[in-house]
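Peer 1: Going by this note's numbering, the first residue of the sequence shown is number 93, and it counts up by one from there.
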Amino acid sequence: MTSARSVTRSAPSSVQATTVTSALLTVQTPGRGFTDLTSEAARFIAEARAGEGALTLFIRHTSASLTIQENADPSVLVDLTTALSRLAPENAGWTHDTEGPDDMPAHIKTMLTQTSLQVPVLSGKLALGTWQAIYLIEHRSRPHRREIVLQFIGSDR
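1. Consult DSSP for residue 116 and reduce its assignment to one of helix, strand or coil.
2. Taking only runs of the alpha helix (DSSP H) that begin and end inside the segment 121-160, which ones reach a length of at least 4 residues, in chain order?
3. For residue 218, list the residues DSSP reports as bridge partners.
4. Looking at the secondary structure, which residues open and close the beta strand (DSSP E) in which residue 167 lies?
5. From residue 235 to residue 104, what does the alpha carbon distance come to, in whole angstroms?
6. Roughly how far, in whole angstroms, is the beta-carbon of residue 230 from the beta-carbon of residue 121, given that I think they are within contact range, below 8 Å?
7. By the three-class DSSP mapping on this structure, what secondary structure does residue 111 have?
8. Could you pull the DSSP bridge partners for residue 237 from this structure?
9. Which residues in the same chain as residue 154 place their Cβ atom closer than 7 Å to its Cβ, once the five residues preceding and following it in sequence are excluded?
10. Using 9 Å as the threshold, is the C-beta distance between residue 163 and residue 210 below it?
11. Give every residue of the same chain whose Cβ lies closer than 7 Å to the Cβ of residue 242, excluding the five residues on either side of it in the sequence, and list them in chain order.
12. Taking 9 Å as the cut-off, decide whether the C-beta atoms of residue 180 and residue 204 are in contact.
13. With distances taken from CA atoms, which of 207, 129, 123 and 141 is nearest residue 110?
Structural data, given as structure tokens:
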């Protein structure tokens with residue numbers, strides 16, 4: 093158990109949520125794998141003139157998802173893709189296979205991950221850690237056009 097002496101916290105800050113700004117981001121994926129959306133999210137925050145608040149990202153699909161993961165070592169994303177494929181393999185005899193053998197596994201992978209994320213915005217910047225990035229995870233083997241709703245709620249600069 094961690095003692096209270098080893099935990100620090102900044103002073104609380106308070107803002108009145110006066111701004112709601114939304115946009116639709118369209119991404120053409122190359123097929124199965126991770127697509128980094130961090131720079132697009134940061135550009136949206138800059139264009140929204142965001143100050144303090146939260147960015148919500150929501151993907152409008154059931155066979156792709158969102159995550160925050162390490163951006164320093166590409167082998168992490170390779171291993172995560174492998175792990176998801178082991179959790180929901182294509183050759184498991186799924187009943188739902190109308191769109192191909194990768195369809196039902198894609199739905200399962202989406203259920204195991206996330207369709208929305210929230211990232212704090214502090215002083216007009218995404219409050220991501222040094223090695224964190226925002227990713228779209230394409231679970232289908234073929235390229236797809238994916239839509240992500242971006243919405244900032246908070247104060248403007």
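Where is the CB? At the ideal position from N, CA and C, for every residue including glycine. From a predicted model like this one, the values you see are computed outputs, not experimental measurements.
Peer 2: From the atom records:
1. In the sequence shown, residue 116 corresponds to position 24, counting from 1. The answer is strand: DSSP assigns residue 116 an E or B state.
2. Along the length of the segment 121-160, whole alpha helix (DSSP H) runs at least 4 residues long occupy 130-139, reported in chain order.
3. One-based indexing of the sequence shown puts residue 218 at position 126. According to DSSP, residue 218 bridges with 213.
4. Working through the sequence shown from its first residue, we reach residue 167 at position 75. Looking at the DSSP string, residue 167 is not in any beta strand (DSSP E); the run it does join, the alpha helix (DSSP H), is 166-179.
5. As a working mapping, residue 235 is identified with position 143 in the sequence shown. As a working mapping, residue 104 is identified with position 12 in the sequence shown. Their Cα atoms are separated by approximately 44 Å.
6. The residue given as residue 230 occupies position 138 in the sequence shown. The residue given as residue 121 occupies position 29 in the sequence shown. That belief holds up - the Cβ atoms of residue 230 and residue 121 are roughly 4 Å apart, short of 8 Å.
7. As a working note, residue 111 is residue 19 in the sequence shown. Note: residue 111 maps to strand in three-state DSSP.
8. To locate residue 237, count along the sequence shown from 1; it is residue 145. According to DSSP, which records beta bridges pairwise, residue 237 is partnered with 120.
9. Translated into the one-based positions of the sequence shown, residue 154 becomes position 62. Closer than 7 Å at the Cβ level, and outside the excluded window around residue 154, lie 199 and 202.
10. Reading the sequence shown from its first residue, position 71 is the one you call residue 163. Reading the sequence shown from its first residue, position 118 is the one you call residue 210. Going by C-beta atoms, residue 163 is not nearer than 9 Å to residue 210.
11. Mapped onto the sequence shown, residue 242 falls at position 150. Within the same chain, residue 242 has close Cβ partners 114, 115, 117, 133, 136, 147 and 149.
12. For the purposes of this step, residue 180 is taken as residue 88 along the sequence shown, with counting starting at 1. For the purposes of this step, residue 204 is taken as residue 112 along the sequence shown, with counting starting at 1. A contact, by the Cβ cut-off of 9 Å.
13. Taking the sequence shown and counting its residues from 1, the one referred to as residue 110 is at position 18. Of the listed residues, the one whose Cα sits closest to residue 110 is 141.
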